[in-house]
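Note that the numbering used here gives residue 474 to position 473 of the sequence shown, counting from 1, and the numbers run on in steps of one. Beta carbons: idealized from backbone N, C-alpha and C, even for Gly. Here's the structure, in structure tokens; my notes come after.
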Amino acid sequence: MNWGTELWDQYDNLAAHTHKGIEFLDKYGNFVKERCAIELEYAGKLRRLVKNYQPKRKEEDEYQYTPCKAFRLLLQELNDFAGQREVVAENLQSNVVRELHLLAKELREERKQHLNEGAKQMAVLNSSIAALERARRAYERAARESERALDAFQKADADFHLSRAEVEKQKTNMKLRSQACEDAKQEYMDQLRKTNEAQRQHYEQRLPHVFKQLQDLDEKRIKNIKNFMLSSVDVERKVFPIIMQCLIGMESAANNINEKEDTQLVIERYKSGFVPPEDFRFEAAAECDATDGTHAPAHAPHTVRGTVSANRVKKRGGLLSIFSSNKNNMSVDGKEDYSDLPPNQKKKRLQAKISELSKQVAQEQAAMEGLMKMKGVYETNPSLGDPMTVEGQLNECCDKLKKLKAQLRKFEDLLAEANSQVCAPAIHPARTNGTAPTQATSIGSNSESLSRSASESSVSTGTGAHHANTSARAAGGSPESGLGGDLAAHAANGDHDDHDDHDHDHDHESDFDYYYEPDLQPLGYCKALYAFDANGTGSTMRMECGEKLLVLETDAGDGWTRVRRAATREEGFVPTTYIATTLYADVRDH
């Protein structure tokens with residue numbers, strides 16, 4: 002198959018074909034170039050997508066679950082996948098696009114040279130053909146003139162009226178024309194031979210050579226397109242193992258999702274350590290009337306603290322200065338002791354803190370050991386250094402180690418205390434399996450214990466112990482008072498003589514006028530989630546874990562709730578975070 006022999010007369014078509022072939026090469030090069038741009042854009046968008054969906058700092062806690070962990074691994078694998086797309090784009094750019102551009106430029110220059118050579122050969126042939134045409138026309142013209150000269154001579158020779166000179170003249174002219182015709186004929190024959198020879202060489206050697214070069218150029222273009230396509234596939238094939246690893250990593254991340262493990266994580270994260278509330282117990286009608294405040298005094302004296310009973314004359318301020326901070330209990334060195342958290346969460350936080358401090362202690366001990374060894378080396382060989390230069394670092398390290406150990410002991414004590422606090426339901430002597438309370442009559446009479454007369458309070462009180470509680474509550478009824486601790490201690494010291502208590506109440510009658518409040522209507526009820534020991538400061542009240550109390554005032558923002566013990570009508574304030582509150586308004590709404 003040779004264009005020179007098969008397509009000897011298709012010069013123009015072959016020129017157009019090679020031009021279209023190079024245009025297709027440019028087209029394929031633009032395709033690969035645009036593909037590289039798309040690959041880079043795709044990789045960039047993938048990386049941007051991965052960046053946008055990376056977990057934020059505030060979401061770190063949520064990424065402990067297996068779906069979140071799998072999603073994070075998937076993002077990492079997708080980022081690696083994007084990197085491989087960038088590798089594909091870079092390799093295509095360097096191995097294909099650049100080579101395609103150079104090849105198209107080279108083929109275009111070669112084609113131009115071959116076409117110029119073909120045009121030159123065509124010009125030579127056309128020039129030879131034109132010379133042949135001129136020789137043929139000259140021969141034809143000389144032949145016509147020779148024939149006219151011959152005719153003129155014959156006519157002159159036949160005409161007897163002409164002189165012999167004129168006849169000789171025509172004869173001479175005839176010979177000249179005949180000789181000129183022979184010369185033109187010979188020249189024409191020579192030119193014909195040359196033109197035929199040039200035409201044979203043109204179509205058998207010169208033009209086929211040009212066509213063969215064009216054929217080689219076109220085949221080179223086609224072969225290189227094939228190689229470029231294979232190179233593109235090879236670029237993809239080289240990154241395919243890494244892409245497969247990315248896909249395998251995504252699959253492995255998905256297979257690591259475990260719903261049971263997540264369920265256990267949710268339990269560990271949100272388990273409070275509280276026990277479910279107990280069943281509500283039966284309360285007799287007399288007790289319910291007493292607790293609902295139906296026997297409240299008709300006269301409701303004005304109180305210092307704003308409550309729901311007096312249209313809140315003044316909003317209750319910070320209840321005890323030691324609890325006025327927004328944060329809950331703090332450790333001595335300023336770090337939180339996690340007392341505001343439920344028991345189980347508190348233990349986890351304390352354990353994490355202890356683990357962190359233990360690591361710091363171990364690091365400091367290792368540093369101290371290194372400094373001690375360095376000091377020993379310096380003492381053994383003073384030429385290496387002065388031991389006193391290490392002394393300051395040792396002292397600093399020792400002080401830091403002492404502080405860390407002190408903190409570690411504090412948090413270990415807090416953890417031991419948290420482990421020792423076992424939440425057990427309290428048994429109320431006034432409630433036994435739903436039966437009527439044994440002190441119902443005394444509870445009914447106790448509604449008068451908060452009157453302004455101390456003598457009426459002592460008469461209405463059923464027992465001496467209950468009188469001590471109500472006296473302590475009356476004296477410490479206001480967090481703003483500084484007398485609650487002393488009076489409560491005096492009442493709890495066991496002064497069981499009713500007559501003495503009666504005199505004591507009369508001695509402080511003016512104080513009771515200020516601190517006593519009328520029986521408040523309960524707003525709801527609550528259950529103690531933790532045991533709370535009143536510290537004797539202000540009007541706090543002791544409660545047992547699981548104990549049920551009536552809510553008199555809700556938390557006003559200071560972290561304390563006012564409650565009443567239905568059995569003894571003792572009132573006081575307890576931490577809001579230590580109780581679970583249910584308001585009657587909420588119950589009615591439901």
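Boundaries of the beta strand (DSSP E) in which I580 is found, first to last residue: In this chain, the beta strand (DSSP E) harbouring I580 covers 580–584.
Stretch pair the segment 216–227 + the segment 98–117: three plus CB contacts closer than 8 Å: With the cut-off at 8 Å, the segment 216–227 and the segment 98–117 touch.
Helix, strand or coil at N197 [DSSP, three-state]: Reduced to three states, the DSSP call for N197 is helix.
Any 3 or more C-beta pairs closer than 8 Å across the segment 74–90 and the segment 238–245: The segment 74–90, when compared against the segment 238–245, does touch it at the 8 Å Cβ threshold.
Candidates A529, C546, T196, C247: closest to T583 by CA position: Closest in C-alpha terms to T583, from the list A529, C546, T196, C247, comes A529.
C-beta atoms of G274 and P343 nearer than 8 Å: Inclusion of G274 and P343 in the CB contact set at 8 Å is warranted, their separation being smaller than that value.
Bridge-paired residues (DSSP) for C527: Answer by DSSP bridge pairing, in chain order: L550, T582.
Residue environment, M2, which counts as buried when at least 16 other CB atoms sit within 10 Å: M2 is exposed by the Cβ-count criterion.
C-alpha gap between I23 and R222, whole angstroms: Each residue's Cα considered, the two are about 7 Å apart.
Residue burial classification, R207 (beta-carbon count within 10 angstroms, cutoff 16): Buried is the call here.
Per-residue DSSP class, three states only, for M542: The answer is coil: DSSP assigns M542 none of H, G, I, E or B.
Residue of E42, E413, A368 minimising C-alpha distance to N391: The residue you asked about is not Asn; residue 391 is Val in the sequence shown. Cα-wise, what sits closest to V391 is A368.
For V564: DSSP bridge partner residues: Under DSSP, V564 shares a beta bridge with V552, G573.
Segment limits, alpha helix (DSSP H) that includes L416: That run of the alpha helix (DSSP H) goes 389–421.
DSSP three-state assignment for F533, whether helix, strand or coil: In the three-state scheme derived from DSSP, where H, G and I count as helix and E and B as strand, F533 is classed as strand.
Alpha carbon of E279 to alpha carbon of E357, nearest angstrom: Each residue's alpha carbon lies about 38 Å from the other.
Alpha-carbon spacing of Y579 relative to L248, whole angstroms: Roughly 51 Å between the two C-alpha positions.
Residue environment, E548, which counts as buried when at least 16 other CB atoms sit within 10 Å: Buried.
Residues near A83 in its chain [Cβ-Cβ closer than 6 Å; skip 5 each side]: Correct list, in chain order: A44, L47, R48.
Span of the alpha helix (DSSP H) around S232: Start and end: 208–256.
The segment 63–72 / the segment 261–273 touching (three or more Cβ pairs under 8 Å): Short answer: they touch.
Given 8 Å, three or more beta-carbon pairs between the segment 182–202 and the segment 151–168: Between the segment 182–202 and the segment 151–168, the count of C-beta pairs closer than 8 Å stays below three; the two stretches do not touch.
Whole-Å CB distance - A139 paired with Y189, under 8 Å assumed: Yes, A139 and Y189 are in contact; Cβ-Cβ is about 7 Å, under 8 Å.
For H162, the three-state DSSP class (helix, strand or coil): DSSP places H162 in coil when its eight states are reduced to three.
Residue range of the unbroken alpha helix (DSSP H) whose run includes Q265: Q265: member of the alpha helix (DSSP H) spanning 260–271, first to last residue.
Start and end residues, alpha helix (DSSP H) containing Q366: Where Q366 is concerned, the enclosing alpha helix (DSSP H) stretches over 344–381.
Rounded C-alpha distance that separates R306 from L416: With a pLDDT of 37 at R306, under the threshold of 50, the modelled position of this residue cannot be trusted; read the value that follows with caution. Distance between the alpha carbons of R306 and L416: 38 Å.
Spatial distance of P370 from R410 (CA atoms): The question names Pro, but residue 370 in the sequence shown is Glu. Their Cα atoms are separated by approximately 22 Å.
A254 beta carbon less than 8 Å from that of S74: Checking the sequence, you will find Leu at residue 74 rather than Ser. Going by C-beta atoms, L74 is nearer than 8 Å to A254.
Collapsed DSSP secondary structure at K172 in the structure displayed: When secondary structure is reduced to three states using DSSP, K172 falls in the helix class.
Reduced DSSP secondary structure (H/G/I, E/B, other) of L108: In the three-state DSSP reduction, L108 falls in the helix class (H, G or I).
With 16 other Cβ atoms within 10 Å as the buried cut-off, status of P277: Label assigned to P277: exposed.
Validate contact between the segment 21–35 and the segment 94–104 using beta carbons, cut 8 Å, 3 pairs: Enough Cβ pairs lie closer than 8 Å, so yes.
Cut-off 8 Å between Cβ atoms - residues of its own chain near D387, not counting five sequence neighbours on either side: Hits under 8 Å: Y379.
Spatially closest choice to R270 from K348, H203, M230, E252, by CA coordinates: For R270, the nearest C-alpha among the options comes from K348.
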